[in-house]
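Right, one structure below, let's go through it.
Next comes the structure, spelled out in structure tokens:
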């Protein structure tokens, strides 16, 4: 096993036994191909710095609309009290947003999530050392939990024979299993499906060596 303890956020979805089964799936497919399969899950990719600002702007905008609807009057004490309560509530929402995932999701734009998750996948592709493998036959199976996004990226040799569209069906099947809370099944299924594609195009050579670790990489 690559690790014996896990952060609470990942232990909610995967057990140590699950990690062992994922590791075994990687080792199994790599007995049939010269490709290197690297699964990874990160807690989040998008920056949450903008979410509190979006939250407070949305709350204040709502407060402004309500003031117009109810014809706010500075001369009325009850209206002033309502204004103060509204502003305090807006500030409280902004403060609470970084600590509550539902609020983080609500005040994060889908476009930001897509872009951030894909950029993180590309960054991790290089940081894991995949492009340094001898045959350039590494594949990253990347999942960003907060954004609920998944990508499969193949190295140079693989991209020449298998374009990105090949991975769409595998990625969708993986996402469907995540939606069903079957995290282990999602990773094992994706690893086996990717392994099948690689075994056809890149069968294991007699002198092949394992260049990357056979475990699920977990990062914040």
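Residue numbers (the working numbering): 1 to 220.
The beta-carbon is built from N, C-alpha and C at its ideal position, and this holds for glycine as well.
{"Asked": "Check whether the Cβ of residue 21 lies closer than 8 Å to any Cβ atom in chain B.", "Found": "The displayed structure is made up of one protein chain only, and chain B is not part of it."}
{"Asked": "Please work out which residues of its chain come closer than 7 Å, Cβ to Cβ, to residue 89, disregarding the five sequence neighbours upstream and downstream, and give them in chain order.", "Found": "59"}
{"Asked": "Relative to the C-alpha of residue 15, which candidate in 209, 203, 182 and 208 has its C-alpha closest?", "Found": "182"}
{"Asked": "Give the straight-line distance between the Cα atoms of residue 1 and residue 103, rounded to the nearest whole angstrom.", "Found": "Interpretation of residue 1 is limited by its pLDDT of 43, a score under 50 that renders its predicted location unreliable; no figure is taken from the coordinates."}
{"Asked": "Can you look up residue 29 in the DSSP assignment and give me helix, strand or coil?", "Found": "helix"}
{"Asked": "For residue 75, is the classification buried or exposed, using 16 other Cβ atoms within 10 angstroms of its Cβ as the cut-off for buried?", "Found": "exposed"}
{"Asked": "Assess, as a yes-or-no matter, whether the region 110 to 119 is touched by the region 198 to 208 under the definition of 3 or more beta carbon pairs within less than 8 Å.", "Found": "no"}
{"Asked": "For residue 73, I'd like the list of residues in its chain whose CB is within less than 6 Å of its CB, leaving aside the five on either flank, ordered along the chain.", "Found": "79"}
{"Asked": "Roughly how many whole angstroms lie between the Cα atoms of residue 65 and residue 82?", "Found": "13 Å"}
{"Asked": "If distances are taken between C-alpha atoms only, which option among 150, 140, 20 and 177 comes closest to residue 37?", "Found": "140"}
{"Asked": "Could you pull the DSSP bridge partners for residue 11 from this structure?", "Found": "Answer is none; residue 11 lacks a bridge partner."}
{"Asked": "Sort out for me which residues DSSP pairs residue 140 with in a bridge.", "Found": "38 and 153"}
{"Asked": "Please classify residue 100: is it buried, with 16 or more other beta-carbons within 10 angstroms of its beta-carbon, or exposed?", "Found": "exposed"}
{"Asked": "Return the chain-ordered list of same chain residues with a C-beta closer than 7 Å to the C-beta of residue 192, the five sequence neighbours on each side being excluded.", "Found": "25 and 29"}
{"Asked": "With distances taken between CB atoms, is the gap from residue 113 to residue 165 smaller than 8 Å?", "Found": "no"}
{"Asked": "Please report how far the alpha carbon of residue 34 lies from the alpha carbon of residue 163, in whole angstroms.", "Found": "18 Å"}
{"Asked": "Exposed or buried, which one is residue 221 when buried takes at least 16 other CB atoms within 10 Å?", "Found": "Limits of the chain in this structure are 1 at one end and 220 at the other, which puts residue 221 out of reach."}
{"Asked": "Mind checking whether residue 184 and residue 22 have CB atoms under 8 Å apart?", "Found": "yes"}
{"Asked": "If residue 44 and residue 157 are in contact, beta carbons under 8 Å, what's the gap, nearest whole angstrom?", "Found": "About 31 Å; that fails the 8 Å criterion."}
{"Asked": "Rounded to a whole number of angstroms, what is the C-alpha to C-alpha distance between residue 94 and residue 56?", "Found": "5 Å"}
{"Asked": "Just to confirm, is the Cβ distance from residue 170 to residue 190 under 8 Å?", "Found": "yes"}
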